[in-house]
Amino acid sequence: MGHIIKTGVCPKVTPEPNFDMGFFSGQWNAIYETLQLKECLRYDFIYNAGTSKHELKIKNPLLTLTGTLKVKDTNLPANMTLKFPIIPKSVLTVVTTDNVTYAGIFDCYDFIYNLTQFHRQSVTFLARAVSLSQTIVDTMNATFNSFPGVCNVAGMPPDSMTMTTTIIIYF
5 MGHIIKTGVC PKVTPEPNFD MGFFSGQWNA IYETLQLKEC LRYDFIYNAG
55 TSKHELKIKN PLLTLTGTLK VKDTNLPANM TLKFPIIPKS VLTVVTTDNV
105 TYAGIFDCYD FIYNLTQFHR QSVTFLARAV SLSQTIVDTM NATFNSFPGV
155 CNVAGMPPDS MTMTTTIIIY F
(Lines of atoms letter the chains of each structure in order from A and count residues from 1; the text may use other names and numbers.)
(Lines give C-alpha, C1' and ligand atoms only; values in the text may rest on other atoms or scores of the structure.)
Protein backbone atom coordinates (compact mmCIF):
# COMPACT_ATOMS: atom_id res chain seq x y z
CA MET A 1 0.00 0.00 0.00
CA GLY A 2 1.25 3.48 -0.80
CA HIS A 3 1.12 6.13 1.90
CA ILE A 4 1.56 9.82 2.55
CA ILE A 5 3.08 11.13 5.77
CA LYS A 6 1.77 14.43 7.15
CA THR A 7 2.16 16.35 10.39
CA GLY A 8 -0.59 16.19 13.00
CA VAL A 9 -2.98 13.38 13.91
CA CYS A 10 -5.03 11.22 11.57
CA PRO A 11 -7.92 13.16 10.04
CA LYS A 12 -11.45 12.11 10.94
CA VAL A 13 -13.46 10.29 8.28
CA THR A 14 -17.02 9.00 8.44
CA PRO A 15 -17.49 5.22 8.21
CA GLU A 16 -20.00 3.85 5.68
CA PRO A 17 -23.25 3.43 7.67
CA ASN A 18 -24.53 0.54 5.51
CA PHE A 19 -21.34 -1.53 5.66
CA ASP A 20 -21.88 -5.29 5.97
CA MET A 21 -18.77 -7.49 6.23
CA GLY A 22 -20.82 -10.54 5.23
CA PHE A 23 -21.52 -9.04 1.79
CA PHE A 24 -18.23 -7.11 1.62
CA SER A 25 -15.96 -10.11 2.19
CA GLY A 26 -14.14 -11.66 -0.74
CA GLN A 27 -11.67 -10.49 -3.37
CA TRP A 28 -11.28 -6.87 -4.43
CA ASN A 29 -8.94 -5.29 -6.98
CA ALA A 30 -7.01 -2.20 -5.90
CA ILE A 31 -7.89 0.20 -8.70
CA TYR A 32 -6.13 3.19 -7.11
CA GLU A 33 -3.89 3.50 -4.06
CA THR A 34 -2.13 6.58 -2.76
CA LEU A 35 1.36 6.71 -4.29
CA GLN A 36 1.27 3.01 -5.08
CA LEU A 37 4.20 1.87 -7.18
CA LYS A 38 3.15 -1.75 -7.66
CA GLU A 39 0.54 -3.11 -10.02
CA CYS A 40 -2.08 -5.79 -9.56
CA LEU A 41 -2.72 -5.64 -5.83
CA ARG A 42 -5.66 -7.70 -4.65
CA TYR A 43 -7.38 -7.37 -1.31
CA ASP A 44 -9.08 -10.42 0.16
CA PHE A 45 -11.37 -9.67 3.10
CA ILE A 46 -12.15 -12.82 5.09
CA TYR A 47 -15.30 -12.68 7.20
CA ASN A 48 -15.48 -14.63 10.46
CA ALA A 49 -19.21 -14.77 11.24
CA GLY A 50 -20.24 -14.16 14.82
CA THR A 51 -17.01 -12.40 15.78
CA SER A 52 -15.52 -8.93 15.53
CA LYS A 53 -12.20 -10.30 14.19
CA HIS A 54 -11.69 -10.72 10.47
CA GLU A 55 -8.70 -11.13 8.14
CA LEU A 56 -7.26 -9.09 5.31
CA LYS A 57 -4.83 -10.51 2.76
CA ILE A 58 -3.12 -8.10 0.38
CA LYS A 59 -1.59 -9.93 -2.55
CA ASN A 60 0.59 -9.17 -5.52
CA PRO A 61 2.32 -11.72 -7.73
CA LEU A 62 5.36 -11.91 -5.41
CA LEU A 63 4.03 -11.39 -1.88
CA THR A 64 1.01 -11.91 0.36
CA LEU A 65 0.56 -9.89 3.56
CA THR A 66 -1.95 -11.29 6.04
CA GLY A 67 -3.34 -8.99 8.70
CA THR A 68 -6.01 -8.99 11.37
CA LEU A 69 -9.00 -6.67 11.19
CA LYS A 70 -10.84 -5.97 14.43
CA VAL A 71 -14.13 -4.07 14.58
CA LYS A 72 -13.68 -1.26 17.11
CA ASP A 73 -17.40 -0.68 17.76
CA THR A 74 -20.11 -3.11 16.65
CA ASN A 75 -22.37 -0.11 15.94
CA LEU A 76 -19.76 1.11 13.39
CA PRO A 77 -18.49 -2.09 11.72
CA ALA A 78 -16.85 -0.12 8.87
CA ASN A 79 -14.32 1.27 11.37
CA MET A 80 -11.65 -1.34 12.18
CA THR A 81 -8.11 -1.66 13.45
CA LEU A 82 -5.69 -3.34 11.05
CA LYS A 83 -2.58 -5.14 12.27
CA PHE A 84 0.03 -6.75 10.05
CA PRO A 85 3.09 -8.45 11.54
CA ILE A 86 5.92 -5.95 12.16
CA ILE A 87 3.90 -2.97 10.83
CA PRO A 88 2.28 -0.64 13.43
CA LYS A 89 -1.45 -1.03 14.03
CA SER A 90 -3.58 1.36 11.99
CA VAL A 91 -7.23 2.30 11.64
CA LEU A 92 -8.87 1.08 8.45
CA THR A 93 -12.20 2.70 7.64
CA VAL A 94 -14.51 1.72 4.82
CA VAL A 95 -15.70 5.21 3.89
CA THR A 96 -17.93 4.36 0.95
CA THR A 97 -19.18 1.09 -0.55
CA ASP A 98 -22.19 -0.68 -1.95
CA ASN A 99 -20.72 -3.86 -0.36
CA VAL A 100 -20.79 -5.58 -3.75
CA THR A 101 -19.04 -3.71 -6.61
CA TYR A 102 -16.97 -0.77 -5.26
CA ALA A 103 -15.38 0.50 -2.05
CA GLY A 104 -13.27 3.41 -0.88
CA ILE A 105 -11.10 2.75 2.17
CA PHE A 106 -8.96 5.02 4.33
CA ASP A 107 -6.03 3.68 6.35
CA CYS A 108 -4.17 5.80 8.91
CA TYR A 109 -1.98 5.64 12.00
CA ASP A 110 -0.42 8.27 14.27
CA PHE A 111 3.21 8.34 15.35
CA ILE A 112 5.72 10.70 16.94
CA TYR A 113 9.17 11.33 15.51
CA ASN A 114 11.70 13.73 17.00
CA LEU A 115 9.03 15.12 19.36
CA THR A 116 6.72 15.97 16.43
CA GLN A 117 3.30 14.39 15.82
CA PHE A 118 2.85 12.78 12.40
CA HIS A 119 0.43 10.40 10.75
CA ARG A 120 0.65 8.05 7.80
CA GLN A 121 -2.43 7.85 5.60
CA SER A 122 -3.60 6.22 2.40
CA VAL A 123 -6.73 6.06 0.28
CA THR A 124 -7.59 2.98 -1.77
CA PHE A 125 -10.34 2.54 -4.34
CA LEU A 126 -11.44 -1.09 -4.67
CA ALA A 127 -13.58 -2.87 -7.25
CA ARG A 128 -14.65 -6.44 -7.84
CA ALA A 129 -13.97 -5.86 -11.56
CA VAL A 130 -10.71 -4.52 -13.03
CA SER A 131 -12.04 -0.99 -13.50
CA LEU A 132 -14.52 1.50 -12.08
CA SER A 133 -17.02 3.68 -13.91
CA GLN A 134 -16.22 7.39 -14.01
CA THR A 135 -19.46 8.09 -12.10
CA ILE A 136 -18.33 5.95 -9.17
CA VAL A 137 -14.82 7.44 -9.30
CA ASP A 138 -16.26 10.97 -9.21
CA THR A 139 -18.53 10.07 -6.29
CA MET A 140 -15.67 8.53 -4.31
CA ASN A 141 -13.40 11.50 -5.06
CA ALA A 142 -16.08 13.88 -3.79
CA THR A 143 -16.56 11.79 -0.65
CA PHE A 144 -12.85 11.67 0.24
CA ASN A 145 -12.27 15.32 -0.68
CA SER A 146 -15.02 16.32 1.77
CA PHE A 147 -12.82 15.28 4.72
CA PRO A 148 -10.27 17.97 5.71
CA GLY A 149 -6.71 16.66 5.82
CA VAL A 150 -7.30 13.53 3.74
CA CYS A 151 -4.82 13.15 0.88
CA ASN A 152 -6.17 14.62 -2.35
CA VAL A 153 -7.44 12.01 -4.77
CA ALA A 154 -9.19 14.38 -7.18
CA GLY A 155 -6.13 14.85 -9.38
CA MET A 156 -6.28 11.36 -10.84
CA PRO A 157 -6.77 11.26 -14.59
CA PRO A 158 -10.03 9.49 -15.55
CA ASP A 159 -8.24 6.83 -17.58
CA SER A 160 -6.13 5.82 -14.56
CA MET A 161 -8.98 3.97 -12.91
CA THR A 162 -7.94 0.53 -14.10
CA MET A 163 -5.45 -1.89 -12.56
CA THR A 164 -2.37 0.08 -13.58
CA THR A 165 0.12 2.21 -11.71
CA THR A 166 -0.78 5.82 -10.94
CA ILE A 167 1.79 8.03 -9.21
CA ILE A 168 0.73 11.29 -7.62
CA ILE A 169 3.35 13.45 -5.92
CA TYR A 170 2.27 15.94 -3.25
CA PHE A 171 4.27 19.04 -2.35
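Heads up: the sequence shown runs through residues 5 to 175, numbered per the numbering used here.
Each residue gets a CB set at the ideal place from its N, CA and C atoms; glycine is no exception.
What you are looking at is a predicted structure, and each value in this text was computed from that prediction instead of being measured.
Asked	Found
Length-filtered (3 minimum) beta strand (DSSP E) runs lying within the segment 74-142	83-87, 94-101, 106-117 and 120-131
Host beta strand (DSSP E) of residue 26 (start-end)	Per DSSP, residue 26 belongs to no beta strand (DSSP E); it is in the alpha helix (DSSP H), 25-28.
Per-residue burial, residue 107 [other beta carbons within 10 Å of its own, 16 or more giving buried]	buried
Closest Cα partner of residue 47 within the set 65, 151 and 56	65
Any C-beta of chain C under 8 Å from that of residue 153	Note that chain C does not occur in the displayed structure, where there is just one protein chain.
Selected residue, minimal CA-CA separation from residue 10, among 131, 112, 135 and 143	112
Extent of the continuous beta strand (DSSP E) run through residue 57	57-63
Residue 110 vs residue 127 beta-carbon contact at 8 Å	yes
N-terminal and C-terminal residue of the beta strand (DSSP E) that residue 151 is part of	Looking at the DSSP string, residue 151 is not in any beta strand (DSSP E), and its letter there is neither H nor E.
C-alpha gap between residue 19 and residue 138, whole angstroms	22 Å
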